[in-house]
Amino acid sequence: MEHRALAMTEAVGAKPKRILVTGGTGLVGRAIQEVVANGEGQTDEEWVFVSSRDADLTSAVETRALFEKHKPTHVIHLAAMVGGLFKNIRCNLDFWRRNIHINDNVLHSAYECGVQKVVSCLSTCIFPDKTTYPIDETMIHNGPPHSSNFGYSYAKRMIDVQNRGYFEQHGCRFTAVIPTNVFGPHDNFNIEDGHVLPGLIHKVYLAKQNGSALTVWGTGKPRRQFIYSLDLARLFVWVLREYEEVEPIILSGKDKIPRGRGKGGNNGLSSSPSPQWEKKMKSPSERLQRQSWRPWTSGESSSSTQPRPMGSSRRQPATPSSGTTSPTSSSRPSDKL
Amino acid sequence: MGAPQGAKPKRILVTGGTGLVGRAIQEVVANGEGQTDEEWVFVSSRDADLTSAVETRALFEKHKPTHVIHLAAMVGGLFKNIRCNLDFWRRNIHINDNVLHSAYECGVQKVVSCLSTCIFPDKTTYPIDETMIHNGPPHSSNFGYSYAKRMIDVQNRGYFEQHGCRFTAVIPTNVFGPHDNFNIEDGHVLPGLIHKVYLAKQNGSALTVWGTGKPRRQFIYSLDLARLFVWVLREYEEVEPIILSVGEEDEVSIREAAEAIVEAMDFRGELVFDTTKADGQFKKTASNAKLRHYLPNFQFTPFRQAVKETCTWFSTNYASARK
Chain D
130 MEHRALAMTE AVGAKPKRIL VTGGTGLVGR AIQEVVANGE GQTDEEWVFV SSRDADLTSA
190 VETRALFEKH KPTHVIHLAA MVGGLFKNIR CNLDFWRRNI HINDNVLHSA YECGVQKVVS
250 CLSTCIFPDK TTYPIDETMI HNGPPHSSNF GYSYAKRMID VQNRGYFEQH GCRFTAVIPT
310 NVFGPHDNFN IEDGHVLPGL IHKVYLAKQN GSALTVWGTG KPRRQFIYSL DLARLFVWVL
370 REYEEVEPII LSGKDKIPRG RGKGGNNGLS SSPSPQWEKK MKSPSERLQR QSWRPWTSGE
430 SSSSTQPRPM GSSRRQPATP SSGTTSPTSS SRPSDKL
Chain C
86 MGAPQGAKPK RILVTGGTGL VGRAIQEVVA NGEGQTDEEW VFVSSRDADL TSAVETRALF
146 EKHKPTHVIH LAAMVGGLFK NIRCNLDFWR RNIHINDNVL HSAYECGVQK VVSCLSTCIF
206 PDKTTYPIDE TMIHNGPPHS SNFGYSYAKR MIDVQNRGYF EQHGCRFTAV IPTNVFGPHD
266 NFNIEDGHVL PGLIHKVYLA KQNGSALTVW GTGKPRRQFI YSLDLARLFV WVLREYEEVE
326 PIILSVGEED EVSIREAAEA IVEAMDFRGE LVFDTTKADG QFKKTASNAK LRHYLPNFQF
386 TPFRQAVKET CTWFSTNYAS ARK
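Protein chains in written order, with my numbering: chain D, 130 to 466; chain C, 86 to 408.
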């Protein structure tokens, strides 16, 4: 309790906030719940975590009812239809439509209900497939995304478009963050449909039980920047409180995996603090220090092994064409999208 | 007029049926282009609010179309777009999703939607072609409208990949003709200039053109576009969109367009340029190579003749014209 009392502060003169978190029971939602409960929360903040049990966000009516029930002043919007590579390839239309509906319903309800700030969640997998490295926030719309998940990617990109629309037409402060590969407790550890790290953790668990080998899909050469969900959660809270831009911000792990331009595909975000990142961090750093903000968890302490570059046949975010991992289909029109 | 042998009957629903392009399609279908195996149904906002999923679905269930030409959209000129980018985004996304999804659910065989060359990337090489739509952000003045239109192409591809639907789109350049919106504040450049010349003649005043007059555009006469739309509906089998435009060599500046109108309406007054007003995009030069590959012999109406016909229509129908 003492640690909690020391860590919690109340910004002087701050108006009370009620923060609604959609997708509140997912990987990132649970991480935010944890950091808020264990030192990051402030006494002027009330946090409300909702999930699909509370409302079907593809319904405008249900979404609006949710907002009217909770009357949030702020929103962290994490809810989305997500999935691994194969599910995306099969259902690009559904990923597009459902996510567009969810996002429009949440943003428009937020606007209509006078929400002061919305922080939505994009993903580095939505960046252009053909690109130079490192990629940064200005490059989101500079070309088509990877064809395997174009539906999901475009729906996420359009959050940024809609944020800008609300700002220009109504002065709303709706913004977004762009995390790299997130991992942590409460993830989806399904080997077929989940993402690479939790899938491997599950595989190792089973391999130990069965005394069998660990099979990693792919060559193991593709490179990724991983961000621990608890670190992302702390950054989300900082963005909610302090980040004033409408333009999105990349939240990337500070790890030891170097940038590279290997053939296997490197999404090549600046992993050590990039000039852009440092520029963005400079002004709030003093405020963050006052709040006893801790820096990113190092790679070694957040998982039992150093994150190694690994490959997988499931969808990989923001890479140049990972030819070996993307199934092709002759029945599809060209990959131009 | 004839029916191809063995053709199944078509019922073609045209949304935005009373707009500039919709009325042009009505005219060409009634005057020689229609076929006996086709029934054409033209609907407008009076028939359904397409931003409502429920009303859109009811419209489809009422008419049971086999084919759709989807023209309905929230549209406007430069200054309206700048003011209302969010609305242009949201309303058009809703309209498009409602129409495409109702078409899918009701088993429509083909949908031809309408994009625009103004949605292409702002920073680009020229001429632009159909493969370049998504290669960068659109011009900032109308990003809401542009992204909503681009997403028709994304959604078409989604319906094809997931369900095998043949939903496609055309990309006209600047369209003009009878039945346009001639509102000076909110309309597009050619009809706006026609209206201005009409008033300047009446008032004995100068013609003021907004901007420098230097930006360049390819204009396509609505009746030509209508004939091409009908061809696309019947013959064009790709899901990838197709640009419908005059050639690059027929691009004109806004000044030249103003001069064509001045000549057509026999305006004798002064022509001035208000350079305090925005120019919009400098050029949007589009390649019609794909169209020419399919239809090498298609004849466009000469620009000055089309302008003359439009000016005459406007003067004759001034009282009832949209303005």
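Beta carbons: idealized from backbone N, C-alpha and C, even for Gly. Source: prediction; values computed, not measured.
Beta-carbon proximity of residue i to residue j, cut-off 8 Å
i        : j        : result
C:GLN366 : C:PRO276 : no
C:PRO212 : C:PRO223 : no
C:PHE358 : C:ALA285 : no
C:THR370 : C:GLU322 : no
C:VAL239 : D:TRP225 : yes
C:VAL317 : C:VAL255 : yes
D:LYS216 : D:ASP322 : yes
C:ALA188 : C:VAL160 : no
D:ILE307 : D:ILE378 : yes
D:LEU222 : C:GLY243 : yes
D:THR202 : D:ARG147 : yes
C:LEU308 : C:VAL113 : yes
C:ILE328 : C:ASP214 : yes
C:LEU310 : C:ALA109 : yes
D:ARG182 : D:MET210 : no
Cutoff 8 Å: residue i Cβ touching any chain B Cβ
i        : result
C:PHE228 : Here the protein chains are D and C, and chain B is not one of them.
CA nearest to the CA of residue i, picked from the options
i        : options                                : result
D:VAL244 : D:VAL190, D:ILE379, D:PHE355, D:LEU369 : D:LEU369
C:PRO263 : C:GLN111, C:HIS179, C:ARG96            : C:GLN111
C:VAL337 : C:THR397, C:HIS186, C:VAL274, C:PHE314 : C:VAL274
C:ALA158 : C:VAL126, C:GLU118, C:VAL106           : C:VAL106
D:THR344 : D:LEU329, D:ARG193, D:TYR283, D:SER358 : D:LEU329
D:ASN319 : D:LEU214, D:VAL150, D:ASP173           : D:LEU214
C:VAL294 : C:PHE245, C:LYS362, C:ASN268, C:THR216 : C:LYS362
C:THR297 : C:ASP265, C:ALA343, C:ASN259           : C:ALA343
C:GLY354 : C:GLY289, C:ILE339, C:LYS375           : C:GLY289
D:ASN292 : D:LEU326, D:ASN234, D:PHE279           : D:ASN234
D:LYS350 : D:TRP367, D:VAL325, D:ILE356           : D:VAL325
Expected contact under 8 Å - CB spacing of residue i and residue j to nearest Å
i        : j        : result
C:SER201 : C:PRO257 : 6 Å
C:ALA233 : C:PHE173 : 7 Å
C:ASN373 : C:SER330 : 5 Å
C:THR103 : C:SER137 : The pair is not a contact, with the Cβ atoms about 19 Å apart (cut-off 8 Å).
D:LEU359 : D:GLY313 : 6 Å
C:MET236 : C:ASN183 : About 13 Å; that fails the 8 Å criterion.
D:GLY294 : C:GLY117 : About 43 Å; that fails the 8 Å criterion.
D:VAL164 : D:GLY158 : That pair is no contact at about 11 Å.
D:SER276 : D:ILE255 : About 13 Å; that fails the 8 Å criterion.
D:ILE269 : D:ASN310 : Wrong, their Cβ atoms sit about 17 Å apart, outside the cutoff.
Per-residue burial, residue i [other beta carbons within 10 Å of its own, 16 or more giving buried]
i        : result
C:THR100 : buried
D:TYR334 : exposed
C:ASN166 : buried
C:GLU190 : exposed
D:ALA166 : exposed
C:GLU123 : buried
D:ASP384 : At D:ASP384 the pLDDT is 49, less than 50, meaning the model places this residue with poor confidence; the figure from the coordinates comes in the next sentence. By the neighbour-count rule (16 or more Cβ atoms within 10 Å), D:ASP384 is buried.
D:GLN338 : exposed
C:ALA451 : Any question about residue 451 of chain C goes unanswered here, given that chain C covers just 86 to 408.
D:HIS230 : buried
C:LYS208 : exposed
C:HIS219 : buried
C:TYR283 : buried
D:ALA239 : buried
D:ALA342 : exposed
C:VAL139 : exposed
C:LYS93  : exposed
D:THR304 : buried
C:THR141 : buried
Contact set between residue i and chain C, taken where Cβ atoms lie within less than 7 Å
i        : result
D:TRP367 : Chain C residues near D:TRP367: none, gap ~27 Å exceeds 7 Å.
D:GLN171 : Going along chain C, no residue has its Cβ under 7 Å from D:GLN171, so there is no contact; the nearest lies around 32 Å.
D:GLY294 : ASN170, LEU171, TRP174, GLY229
D:TYR283 : MET236, VAL239
Contact set between residue i and chain C, taken where Cβ atoms lie within less than 8 Å
i        : result
D:ARG291 : Rather than Arg, the amino acid found at residue 291 of chain D in this sequence is Gln. LEU171, TRP174, ARG175, listed in chain order.
D:GLN298 : ARG168, CYS169, ASN170, LEU171, ASP172
D:PRO273 : HIS219, ASN220
D:ASP316 : Those within 8 Å of D:ASP316 in chain C number zero; the least Cβ separation is about 27 Å.
Partners in chain C for residue i, counting only beta-carbon separations shorter than 9 Å
i        : result
D:ARG226 : ASP182, HIS186, GLN240, GLY243
Cross-chain neighbours of residue i in chain D, by beta carbon under 8 Å
i        : result
C:GLN120 : Ordered by position in chain D, no residue passes the 8 Å Cβ test against C:GLN120, which lies about 28 Å from the chain.
C:TYR211 : By Cβ distance, chain D contributes nothing, its closest Cβ being about 18 Å from C:TYR211, past 8 Å.
C:TYR232 : MET287, VAL290
Neighbouring residues, chain D, relative to residue i (Cβ below 7 Å)
i        : result
C:GLU322 : Going along chain D, no residue has its Cβ under 7 Å from C:GLU322, so there is no contact; the nearest lies around 11 Å.
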